[in-house]
Structures are given as structure tokens and as C-alpha cells.
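Structure first, commentary second.
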Amino acid sequence: MPALLSALDQPVPIVLAPTGMVPTRAMTPHVPLTPEEIAADVRAAAAIGITSVHLHARDAEGAPTWEREVYARIVGAVREAAPDVVINVSTSGRTWSELEKRADCLALDGDLKPDLASLTLSSLNFLNGASVNAPETIRGLARIMKERGIVPELEIFDFGMVNFAHVLKKEGLLPGPVVANMFFGNVAGMQATLPEVGLAVERLPEDALWSGAGLGDYQLTAQALAVAAGGGVRVGLEDGIFLDRARTTLATNPALVERVHALLAVHDRRVMAPDELRARLRSG
């Protein structure tokens, strides 16, 4: 059977990114910021059908924070609201670059220990800022994840990051199956076009479990291309706060998840259950 047809028969991981570091209440009233709000959105999305959730923490003023105590409250609330959903915590370098701060959430233990943690594979520019990810910091985070038994979820914005995934794999810092979110539409990265999506997928490590994400106006386009190419989907207000490119209708996280399910129905594909993802991760 051709490889693409085989991939289209596989269940689709849906990664919900409900909050991020950028959206504010001034931008949209729908972005969840507190542990309770985030848990409520995850519960609603899980009722529709998602596989995992990518969590960012905000402090009492709504500003991004790296502090473990805040992550503990969010993870605890999400575990209670949607106990089956696979949990991924962010180690983003968009606001701070120090390894100690970025790794703080990786020390969560017991029921609060995350299943996955994000790992951005290079420094990059956004339209109005930068995310700094030095090679030694990337390797440091990967080592801590390996020691803690937390699976890295690679964040890939350009083709150089795809190359670096192979470097880390060769160095033994990415044990087991590679899990990756690939982002399209960033001003300084890969674009949501057929050639660039295809090349990125072709260059991934063999048997990678990948999901496509589109930034801003490109969210739906990238998701459609990913579903058609046999991949998974990342969705949520972190990546875009509008439902339409004309930016006339503010989105909610449940509405964005419902739209992904409509895409899956058109392509005759089904969502991957959280336990299926856990089994896939253990298989490596």
C-alpha cells in the first residue's frame, strides 16, 4: 500500500494549545488564563475529542510565567477536568532563555508529572520578537527530559530545525519515537504551502508522529494540508484568535476543535484517543 494511503488510515493526534504566551484579554475575551479557565476549555475540547494539551502558565496578572507552582495548579486542574488527556508543558524561550527557569516545570512529580514537554530546536524570530534557543540549552532540556522520562515534543518552525532533530537523535537525546509539531506561516519560517509542507514531512526522522500547525491567518490552511498529508493537527487560541482570515469572528478553543473534526470527517479520518498516543510513546 502506498505510504500516504497507509498514513491516512492512521488516527489523528489533535494537540490543543489553548493559551500560549501572546493572547491577552484585550485581544480576545475567550483566551483562558487561570487554571480553572484552562481546565474548563480542556474539558470542553475533550468532550469533542482531543489527544493532548499543550500548556502555558500565566501569573495572577495574566503575564507568562515559568514557575513550577503555577504549572502545578494548571496541571492539577486539567487532570481533574479531563483525566484521560495527555499533558504537555511548555519550556519556551520566547520570554526567558535561562535553562533553570525553562526546566522548572519538568520537576513536577507524581500525578502532576507531564507526559510531554515542548522542545524548540533553534532560535527564531517572530514578527515582533524572538525566541532564543541556544544549542546548549536545547541539549540541556533534552537531557533533563530524558532523565525524567518526559517525552520531548519537538517544535519545528524551519528546515534547519528538522535537521537538528536528526542531530539530537544521533546523539541519543531523542529516545523512542519522535513527536513533533511543525509550524507553518511564521514570517521567518516555513510557509503553509504544498511544497514546504511536503518537504518538511519528507525530512522528518522515520516514523515520526507529527502534527501541523498554522500561525494566525494560516491556521486552517496548515491544518487542512496536515490532515490531507496523513499528519495530526495542532489547534488553539495560542496559534490564532480568529476563525476567519478576514478577522471578523473571534474563535474559542472548542469551536476550533470542532472545525478540526469537520476536516477529519471530510478526509474520513478519526481522532487518536489519548491512550493510543500513550501506547505509541511506550512502543519506542
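Residues in the sequence shown are numbered from 311 upward in steps of one, following the working numbering.
The beta-carbon is built from N, C-alpha and C at its ideal position, and this holds for glycine as well.
Keep in mind the model is a prediction, meaning the values are calculated, not measured.
Next item on the list: Find out if the Cβ-Cβ distance for the pair L426, I448 is shorter than 9 Å.
Entry: No. Outside cutoff.
Checklist line | Cross-strand partners of M492 (DSSP beta bridge) | finding: For M492, the beta-bridge partners assigned by DSSP are I466 and G522.
Note to self: Under DSSP, the alpha helix (DSSP H) around H366 begins and ends at which residues?
What the structure shows: Unbroken run through H366: none, as it is neither H nor E.
Item checked: Three-way DSSP call (helix, strand, coil) for T503 in this model -> The answer is coil: DSSP assigns T503 none of H, G, I, E or B.
Note to self: Quick check on L437: buried or exposed, where buried means 16 or more other Cβ atoms within 10 Å of its Cβ?
What the structure shows: Exposed, since its Cβ has fewer than 16 Cβ neighbours within 10 Å.
Item checked: P345 and G386 closer than 9 Å at C-beta -> Yes, Cβ-Cβ distance for P345 and G386 is below 9 Å.
Check: Comparing the CB of D554 with every heavy atom of the ligand GDP, is any distance shorter than 8 Å?
Finding: As presented, the structure is devoid of all ligands, the ligand GDP included, so that no description of it is given.
Note to self: Check for me: the beta strand (DSSP E) holding T430 runs from which residue to which?
What the structure shows: L426 to T430 is the span of the beta strand (DSSP E), which, as asked, contains T430.
Check: Do A444 and S402 have their CB atoms nearer than 9 Å?
Finding: At least 9 Å separates the beta-carbon of A444 from that of S402.
Notebook entry, point to check: Taking C-beta to C-beta, are P328 and S362 nearer than 9 Å?
Noted result: Remark: C-beta atoms of P328 and S362 do not approach each other more closely than 9 Å.
Margin query: Please classify L504 as buried or exposed, where buried requires at least 16 neighbouring CB atoms within 10 angstroms.
Written below: Answer is exposed; the Cβ neighbour count stays below 16.
Note to self: Here's the rule: buried if 16 or more other CB atoms are within 10 angstroms of the residue's CB, otherwise exposed. What is M311?
What the structure shows: Note on M311: pLDDT 47, under 50, position unreliable in the model; no value is reported.
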